[in-house]
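Sequential numbering from 1397 applies to the sequence shown in our numbering.
Glycine included, each C-beta is placed from N, C-alpha and C at the ideal position.
Right, one structure below, let's go through it.
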Amino acid sequence: MGIDEMLAEARARLVRLEPAAAWIAAQKRDAVLVDTRPEFQRRAGGELPDAIVIERNHLEWRLDPASPGRIPEAVDTSVRWIIVCDAGYASSLAADSLRRLGLSRSTDVIGGFQAWVAAGLPVLTPAGPRMPRGPGQDAEAGR
């Protein structure tokens, strides 16, 4: 199996969201946005308002409710996680990985951060990038 087939299979298991729908879900507190882009991309392009920053290599450990490395928001498997990467490829694989952990409401944003910007949705330009969230850290720890 090649990466294109793996990506297609992952996306077939997701209900992917357009950027505007993801923003509305986050604003209604029906979902939690998770920005998995590395620091250099967040520094160059800006950050998503109200998103939790968890770089891709820590994602499953931070969001699995059974993990000792989880963040406080990872209370159970019913949380709706919306994963955002730069272009919407890595986020599809990441969201599918979360679904395989039992986080069945996990999904991603079609087109990622690039589509978010193209849709004219809000982007923050912070003085410096927020640090990724660590185990047990609350929302203020990553600011």
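C-alpha of P1434 to C-alpha of W1457: approximately 17 Å in a straight line. When the beta-carbon positions are compared, I1506 and R1412 come within less than 9 Å of each other. Using a C-beta cut-off of 8 Å, the segment 1404-1411 makes no contact with the segment 1448-1463, since fewer than three inter-stretch Cβ pairs fall below that distance. When the Cα atoms are used, T1503 and L1429 turn out to be separated by approximately 10 Å. Your pair I1467 and R1425 does not check out as a contact, with CB atoms roughly 16 Å apart and the cut at 8 Å.
Sequence-distant Cβ neighbours of S1493 in its own chain, meaning closer than 7 Å and more than five residues away, are E1456. The C-alpha of R1452 is placed about 8 Å away from the C-alpha of A1486.
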